[in-house]
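Below is one structure, written out as structure tokens, with a few remarks after it.
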Amino acid sequence: MIRALRPEDRKGWQRLYEGYQVFYGFADRPPSFYDRAFGRLMARDPRDFHGLVAEADGRLLGLTHYVFHPNLWRDEGVCYLQDLFTAPEARGRGIARALIEGVYAEADRAGIPAVYWLTAEDNYPGRMLYDRVGQKSPFIRYNRKL
Numbered sequence: 001m002i003r004a005l006r007p008e009d010r011k012g013w014q015r016l017y018e019g020y021q022v023f024y025g026f027a028d029r030p031p032s033f034y035d036r037a038f039g040r041l042m043a044r045d046p047r048d049f050h051g052l053v054a055e056a057d058g059r060l061l062g063l064t065h066y067v068f069h070p071n072l073w074r075d076e077g078v079c080y081l082q083d084l085f086t087a088p089e090a091r092g093r094g095i096a097r098a099l100i101e102g103v104y105a106e107a108d109r110a111g112i113p114a115v116y117w118l119t120a121e122d123n124y125p126g127r128m129l130y131d132r133v134g135q136k137s138p139f140i141r142y143n144r145k146l
């Protein structure tokens with residue numbers, strides 16, 4: 001079942017979000033990082049991030065975080081799906097697809113049909129799914145050197 005993140009999900013959410021951070025090379029996040037992130041998700045600020053989780057048998061198996069933001073090309077704005085993670089033991093069961101479709105449904109409800117996300121070039125398992133549920137952009141991302 002895909003549903004909105006709730007306050008009582010904190011422990012399961014953090015387990016998943018820690019796994020996501022490790023996947024992208026950020027294993028050293030301090031507890032305050034998770035405190036702030038969860039607080040923002042629970043604030044329900046329409047201008048900030050929202051969270052969905054996949055739950056089965058009382059256990060969280062996946063998460064996604066997304067935000068609606070303005071866009072000069074689309075008066076209605078756009079939706080950025082920032083984080084998507086499925087517990088390793090739950091992969092291959094359609095959870096990531098269901099979470100993406102959950103974000104699509106939330107975006108449709110908000111009248112914002114444009115949803116986009118980024119992934120690592122070498123995230124081949126993820127990209128196999130993304131090629132089925134989205135359209136690959138021709139853009140290349142650059143970051144400011146820090």
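Residue numbers (UniProt numbering): 1 to 146.
By construction, the Cβ of each residue, glycine as well, lies at the ideal position given by its N, Cα and C atoms.
query: Quick check on the DSSP output: what are the complete alpha helix (DSSP H) runs of length 4 or more inside the UniProt domain "N-acetyltransferase" (1 to 146), in order along the chain?; result: 10 to 23, 31 to 43, 95 to 109 and 124 to 133
query: Taking the CB atoms as reference points, tell me whether Trp13 and Val78 lie closer together than 8 Å.; result: no
query: So, is Thr64 buried or exposed, given that buried needs 16 or more other C-beta atoms within 10 angstroms?; result: buried
query: If contact is defined by three or more beta carbon pairs under 8 Å, each pair taking one atom from either stretch, is the stretch 66 to 76 in contact with the stretch 36 to 43?; result: no
query: Can you give the Cα-Cα distance for Pro113 and Ala4, rounded to whole angstroms?; result: 19 Å
query: Our contact map puts Tyr116 next to Tyr80 with C-beta atoms below 8 Å; I'd like the distance itself, whole angstroms only.; result: 6 Å
query: Under the assumption that Gly62 contacts Leu99 (Cβ atoms under 8 Å), give the Cβ distance between them as a whole number of angstroms.; result: 5 Å
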